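**Student:**
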Amino acid sequence: MGINWHDFFIVGNPLILGSQIAIGLTMIGIVAVVTYLKKWKWLWQEWFTTVDHKRIGIMYILAGVLMFFRGGVDGLLMKAQTSRPEMKFLDAQHYNEIFTTHGVIMILFAAMPLLIGIMNVIIPLQIGARDVAFPQLNALSFWLFFSGAMLFNISFVIGGSPDAGWTAYFPLAGKEFTPGIGNNYYAIALQIAGIGTLMTGINFVVTILKMRTKGMTLMKMPMFTWTSFVASIIIVGAFPIFTVALALMTFDRIFGTHFFTLSGGGMDMMWANLFWLWGHPEVYIVVLPAFGMFSEVIATFSRKMLFGYKSMVFSVVGIAFLSMLVWVHHFFTMGSGPAVNSVFSITTMMIAIPTGVKMFNWLFTMRKGRIQFTTAMLWALAFIPCFVIGGVTGVMLAMGAADYQYHNTLFLVAHFHYVLIPGVVFAVFAGLYYWWPKMFGFMLNEKIGKIHFWLFVIGFNVTFMPMFFLGLDGAVRRSYTYSAESGFAPLFLLSAIGAVILAIGFAALCYNIYWSAKYADRNISNDPWDARTLEWATSSPAPFYNFAKLPEVKTLDAFWYMKKHNEGLTLNDNEIKEIHMPSNSGLPFYMAVVFGVAGFFLVFEWKIAALVATIGIIAGLIVRSFDYNDGFHVTVDEIKQTEKAWRGNDKGVNNHVS
Amino acid sequence: MSANVNTALPLEYQTEQNRMNILGFWIFLGAEIILFGTLFAVFSVLNARYAGGPTPKDLFEIKDVMVETILLLTSSFTCGLAIYEMRRNNRNGLLLWFIITLLLGAGFVFMEVTEFIHYVHEGATMQTSAFLSSFFVLLGTHGLHVSMGIGWATMVIIQIFQRGITPVTARKTFIIGLYWHFLDVVWIFIFTFVYLARMVS
Numbered sequence: 013m014g015i016n017w018h019d020f021f022i023v024g025n026p027l028i029l030g031s032q033i034a035i036g037l038t039m040i041g042i043v044a045v046v047t048y049l050k051k052w053k054w055l056w057q058e059w060f061t062t063v064d065h066k067r068i069g070i071m072y073i074l075a076g077v078l079m080f081f082r083g084g085v086d087g088l089l090m091k092a093q094t095s096r097p098e099m100k101f102l103d104a105q106h107y108n109e110i111f112t113t114h115g116v117i118m119i120l121f122a123a124m125p126l127l128i129g130i131m132n133v134i135i136p137l138q139i140g141a142r143d144v145a146f147p148q149l150n151a152l153s154f155w156l157f158f159s160g161a162m163l164f165n166i167s168f169v170i171g172g173s174p175d176a177g178w179t180a181y182f183p184l185a186g187k188e189f190t191p192g193i194g195n196n197y198y199a200i201a202l203q204i205a206g207i208g209t210l211m212t213g214i215n216f217v218v219t220i221l222k223m224r225t226k227g228m229t230l231m232k233m234p235m236f237t238w239t240s241f242v243a244s245i246i247i248v249g250a251f252p253i254f255t256v257a258l259a260l261m262t263f264d265r266i267f268g269t270h271f272f273t274l275s276g277g278g279m280d281m282m283w284a285n286l287f288w289l290w291g292h293p294e295v296y297i298v299v300l301p302a303f304g305m306f307s308e309v310i311a312t313f314s315r316k317m318l319f320g321y322k323s324m325v326f327s328v329v330g331i332a333f334l335s336m337l338v339w340v341h342h343f344f345t346m347g348s349g350p351a352v353n354s355v356f357s358i359t360t361m362m363i364a365i366p367t368g369v370k371m372f373n374w375l376f377t378m379r380k381g382r383i384q385f386t387t388a389m390l391w392a393l394a395f396i397p398c399f400v401i402g403g404v405t406g407v408m409l410a411m412g413a414a415d416y417q418y419h420n421t422l423f424l425v426a427h428f429h430y431v432l433i434p435g436v437v438f439a440v441f442a443g444l445y446y447w448w449p450k451m452f453g454f455m456l457n458e459k460i461g462k463i464h465f466w467l468f469v470i471g472f473n474v475t476f477m478p479m480f481f482l483g484l485d486g487a488v489r490r491s492y493t494y495s496a497e498s499g500f501a502p503l504f505l506l507s508a509i510g511a512v513i514l515a516i517g518f519a520a521l522c523y524n525i526y527w528s529a530k531y532a533d534r535n536i537s538n539d540p541w542d543a544r545t546l547e548w549a550t551s552s553p554a555p556f557y558n559f560a561k562l563p564e565v566k567t568l569d570a571f572w573y574m575k576k577h578n579e580g581l582t583l584n585d586n587e588i589k590e591i592h593m594p595s596n597s598g599l600p601f602y603m604a605v606v607f608g609v610a611g612f613f614l615v616f617e618w619k620i621a622a623l624v625a626t627i628g629i630i631a632g633l634i635v636r637s638f639d640y641n642d643g644f645h646v647t648v649d650e651i652k653q654t655e656k657a658w659r660g661n662d663k664g665v666n667n668h669v670s
Numbered sequence: 010m011s012a013n014v015n016t017a018l019p020l021e022y023q024t025e026q027n028r029m030n031i032l033g034f035w036i037f038l039g040a041e042i043i044l045f046g047t048l049f050a051v052f053s054v055l056n057a058r059y060a061g062g063p064t065p066k067d068l069f070e071i072k073d074v075m076v077e078t079i080l081l082l083t084s085s086f087t088c089g090l091a092i093y094e095m096r097r098n099n100r101n102g103l104l105l106w107f108i109i110t111l112l113l114g115a116g117f118v119f120m121e122v123t124e125f126i127h128y129v130h131e132g133a134t135m136q137t138s139a140f141l142s143s144f145f146v147l148l149g150t151h152g153l154h155v156s157m158g159i160g161w162a163t164m165v166i167i168q169i170f171q172r173g174i175t176p177v178t179a180r181k182t183f184i185i186g187l188y189w190h191f192l193d194v195v196w197i198f199i200f201t202f203v204y205l206a207r208m209v210s
């Protein structure tokens, strides 16, 4: 029982030793800098205990970018290992761990927080609300996600990383074949983060249903709000399945049950079914909000209303519905039989229909528009052809019979990178460039942005396009090396070169953030892009109460209408009333700590210690039950001052876009 | 956010925040339905995989399960009476029925734990077979929910003692009511598909 101390720290691998030292030094460095600058109090009061949706969103985005970096390093290590045949850079075990953590981190700890972060910042602003429905729950969601992400990340220096793939298929992921504790990290860290995500889903469903401002009917909601709403519903419908699957995995691995084992009557294929019953909807959870962002960006920079708004809404709902009916296409080759495979082939191909509708809607939005080639718009433009390649290869994979040829090859890997990178990463970049002024009050540099764009898009295509051909030639995924005789070497090398370009592109983004934070002009208007939706009706960055007077909506693209008809743009002093806002709370942070500690003990199968830590969780819940803090009121004078600061300078702002 | 008060509605629905909390809890119950639905699906896949271990016919005793069922169903009824008293603004009646509800719930949990201990003594543990793994996890999840509900409701009872029936305590009581009835519905499915169906076949 339990895990021995000598397994605690991973030793003997120079790469990991280097990381351990680097992590140690970075942590000491951060603590030293914060202490030196005397920022602990500020950090605690303004950020760790905040319930402001905009700050929570920014913390999500920051965590997401960090995790994107970590996942990207994993990707580079894999590309380095496969750049030449018979490379000796990583051994098989280390390669297994890296492709596992790359997948988990990119999907769950990079894509999810980046999207949920932007949702957090923008949705309440877009619907004209002052916060989300449950602000403190929102903070808890973030901190649980963060706790799960950190728990997962320490795995590679303490105890060992999971190594059974991000899908963690049984029987491989069971105790029999993966006896170490790596996969315990998978089961428990994802569980903690997943609870946070489920709470976010509930929060946003209620926020969007109940907190829309006066006049904003469902069919007058901005498209990003619509797609986030539908994604939140999918979260509520799909994440409990993952919760159960992970719990059963934990029981199998730590308590010796027989859900997915080969012995004792367990059924290993049930894991694959449960995993993809969550996993396929998960793809749409990340891609739908991204579609919403593209819709906003394309409409804004085409200077036109979104084409086919209604068909867009119906196609989003259709995609959500179909997303629950396609999971078997992930394992056509596992012997379900032709009848089952045919049904799932058809449902899978049907997804191409609503997605095609959306594609044409975007194209027709641009038709006869006055397109402005801003960086955000460039991402949206590049998304369309790249995503179509991902989609078309997806339809190829959807054919059950043909899938026997593609399954488990790099063709599949190329396909889902062509879906997820244009579909999610491009969208997040577009969203960041577009909404950055609303978050921080300055714009990202457009020139560096374009360098970032070209490097990233070229790097992306050079990395993943060769993998289609490698896959068709028979190169399998998750294989740590290949022979020189296979003839794969040139394309693998090309792909590795692409990955380097991709990495330089990401570095350009980081430099852009640094440069803009330091030098960018702060004197910008509340509406620097001449945009169409309500988030631009308030100052940049938005005040913590969002709107001094809640806007009234008459049409789609409400802010555009307000500007054209010059309605509701001004604010009279007598319209200002006291605003009620929620108070900060340290409880979500505390909960994340105890959840992390309990999870850590459980990973190491120290059951008694985990049980003791659980008392800490219950204590937190009890404190919350007796918490009657009803928030505070912002005084009229304070609102007047804040509003005067940005409303007065209508003529004085510098314009940065023509 | 406490604006938009509508005194024509029942106490727990009067403020906007309360209405959002109640809607949020309904959506949470939707997620719970998916969670239990998944556990039921797992059970239905594994329920004939005894791996040489005991079968339902060797284990289940319908009399004890019947008592558990009656305890829990009755507690759902008394929970309804508690909400009725709350609507009549009768604090003592609310507390009385609420406490009776929890005692019945505690009786249910006690019976269930005794039942589990009995099975373990007969050599039927969750490590024995896939059938028993799914049995213990499905019922254990439900039992844990009931236990959590008892602890949570105790906190709310203390708050009603301290504060009386206010919009906030009324909302908390109402939400626990929803939770309690939901657990009752889940138990009806457990009773039907886990016990009765297994004993017939």
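Protein chains in written order, with this note's numbering: chain A, 13 to 670; chain B, 10 to 210. Backbone N, C-alpha and C fix where the C-beta goes; we use that ideal spot for every residue, glycine too. Since the model is a prediction, treat every value here as computed from it, not as a measurement.
How is His592 (chain A) classed by DSSP in three states: helix, strand or coil?
**Tutor:** Correct three-state label for His592 (chain A): strand.
**Student:** How would you list, in chain order, the residues of chain A whose beta-carbon sits under 7 Å from the beta-carbon of Tyr59 (chain B)?
**Tutor:** Those are Gly277, listed as they occur along chain A.
**Student:** Please classify Thr647 (chain A) as buried or exposed, where buried requires at least 16 neighbouring CB atoms within 10 angstroms.
**Tutor:** Exposed, since its Cβ has fewer than 16 Cβ neighbours within 10 Å.
**Student:** Just the Cα atoms here: how many angstroms apart are Lys222 (chain A) and Ile40 (chain A)?
**Tutor:** Distance between the alpha carbons of Lys222 (chain A) and Ile40 (chain A): 45 Å.
**Student:** Got a sec: is the Cβ-Cβ distance from Gln168 (chain B) to anything in chain A below 9 Å?
**Tutor:** Judged by the 9 Å Cβ criterion, Gln168 (chain B) is in contact with chain A.
**Student:** Is the CB-CB distance between Ile197 (chain B) and Val165 (chain B) below 9 Å?
**Tutor:** In this structure, Val165 (chain B) does not lie closer than 9 Å to Ile197 (chain B) by Cβ.
**Student:** Which value, in whole angstroms, describes the spacing of the CA atoms of Val195 (chain B) and Phe52 (chain B)?
**Tutor:** Answer to the nearest angstrom: the Cα atoms are 14 Å apart.
**Student:** Comparing alpha-carbon positions, which option in A:His292, A:Glu650, A:Ser507, A:Met279 lies nearest Glu590 (chain A)?
**Tutor:** Per the Cα distances, A:Glu650.
**Student:** How big is the Cα-Cα spacing for Ile126 (chain B) and Gly152 (chain B)?
**Tutor:** Spanning the two alpha carbons is a distance of roughly 14 Å.
**Student:** Could you pull the start and end residues of the beta strand (DSSP E) that His341 (chain A) belongs to?
**Tutor:** Here His341 (chain A) belongs to no beta strand (DSSP E), and DSSP marks it neither H nor E.
**Student:** Give the residues of chain B in contact with Ala145 (chain A), contact being defined as C-beta atoms less than 7 Å apart.
**Tutor:** Within chain B, the residues near Ala145 (chain A) are Met29, Gly33.
**Student:** With DSSP collapsed to three states, give me the class of Ile43 (chain B).
**Tutor:** Helix, per DSSP.
**Student:** Indicate whether at least one CB of chain A lies closer than 9 Å to the CB of Ile159 (chain B).
**Tutor:** So no, Ile159 (chain B) is outside the interface.
**Student:** Pair every Cβ in the region 199-215 of chain A with every Cβ in the region 14-29 of chain B, then say whether three or more of these pairs are closer than 8 Å.
**Tutor:** Judged by Cβ distances under 8 Å, the region 199-215 of chain A makes no contact with the region 14-29 of chain B, as fewer than three pairs qualify.
**Student:** Just the Cα atoms here: how many angstroms apart are Asn596 (chain A) and Thr475 (chain A)?
**Tutor:** Straight-line Cα distance between these residues: approximately 45 Å.
**Student:** Within 10 Å of its beta-carbon, does His114 (chain A) have 16 or more other beta-carbons around it, so buried, or fewer, so exposed?
**Tutor:** When all chains shown are included, His114 (chain A) counts as buried.
**Student:** Does the beta carbon of Tyr526 (chain A) come closer than 9 Å to any beta carbon on chain B?
**Tutor:** No - not a single Cβ of chain B is within 9 Å of the one on Tyr526 (chain A).
**Student:** Between Met120 (chain B) and chain A, is any beta-carbon pair separated by less than 9 Å?
**Tutor:** No, Met120 (chain B) does not count as interfacial toward chain A.
**Student:** To the nearest angstrom, how far is the alpha carbon of Pro449 (chain A) from that of Leu583 (chain A)?
**Tutor:** Spanning the two alpha carbons is a distance of roughly 22 Å.
**Student:** Between the region 78-89 of chain B and the region 295-302 of chain A, do at least 3 Cβ pairs fall closer than 8 Å?
**Tutor:** With the cut-off at 8 Å, the region 78-89 of chain B and the region 295-302 of chain A do not touch.
**Student:** Kindly indicate which residue of A:Tyr494, A:Asp639, A:Lys656, A:Trp658 has the alpha-carbon position closest to the one of Thr178 (chain B).
**Tutor:** With distances taken between Cα atoms, Thr178 (chain B) lies closest to A:Asp639.
**Student:** Roughly how many angstroms separate the alpha carbons of Met593 (chain A) and Thr550 (chain A), rounded to a whole number?
**Tutor:** Taking the straight line joining both Cα atoms gives about 17 Å.
**Student:** Any Cβ of chain A within less than 9 Å of the Cβ of Ile43 (chain B)?
**Tutor:** So, interface residue.
**Student:** For Val352 (chain A), I'd like the list of residues in its chain whose CB is within less than 7 Å of its CB, leaving aside the five on either flank, ordered along the chain.
**Tutor:** Excluding sequence neighbours, Val352 (chain A) sits near Val340.
**Student:** Is it true that the CB of Ala394 (chain A) sits closer than 9 Å to the CB of Phe313 (chain A)?
**Tutor:** No, they are not a contact pair.
**Student:** Would the region 54-61 of chain B and the region 139-147 of chain B be scored as touching if the rule is three or more Cβ pairs under 8 Å?
**Tutor:** Segments in contact, yes.
**Student:** Would Asn150 (chain A) and Met79 (chain A) qualify as a contact pair, given that the criterion is a beta-carbon distance under 9 Å?
**Tutor:** In this structure, Met79 (chain A) does not lie closer than 9 Å to Asn150 (chain A) by Cβ.
**Student:** Let me confirm a value: Ile700 (chain A) is counted as buried when at least 16 other C-beta atoms fall within 10 Å, else exposed. Which label applies?
**Tutor:** Since the displayed chain A opens at 13 and closes at 670, residue 700 (chain A) lies outside it and no answer follows.
**Student:** Please state whether DSSP places Thr582 (chain A) in a helix, a strand or coil.
**Tutor:** Residue state, collapsed to three classes: coil.
**Student:** Does Gln137 (chain B) come within less than 9 Å of chain A when only Cβ atoms are used?
**Tutor:** Going by the sequence as given, residue 137 (chain B) is Thr instead of Gln. Yes, contact with chain A.
**Student:** Which of the three DSSP states is assigned to Ile200 (chain A) in this structure?
**Tutor:** Helix, per DSSP.
**Student:** Could you name the residues of chain B that Val248 (chain A) contacts, counting a contact when the two beta carbons are closer than 9 Å?
**Tutor:** Within chain B, the residues near Val248 (chain A) are Ile36, Phe37, Gly39, Ala40, Ile43.
**Student:** Could you run through the region 213-229 of chain A and flag, in chain order, every residue whose CB is less than 9 Å away from some CB of chain B?
**Tutor:** Hits within the stretch, in order: Gly213, Ile214, Asn215, Val217, Val218, Thr219, Leu221, Lys222, Met223.
**Student:** For His645 (chain A), does the three-state DSSP call read helix, strand or coil?
**Tutor:** DSSP places His645 (chain A) in strand when its eight states are reduced to three.
**Student:** For Thr421 (chain A), which residues does DSSP report across the bridge?
**Tutor:** DSSP, once it has assigned bridges, lists A:Val488 as partnering Thr421 (chain A).
**Student:** Residues of chain A with CB closer than 7 Å to the CB of Phe140 (chain B), please, in chain order.
**Tutor:** Within 7 Å Cβ-Cβ: Gly277.
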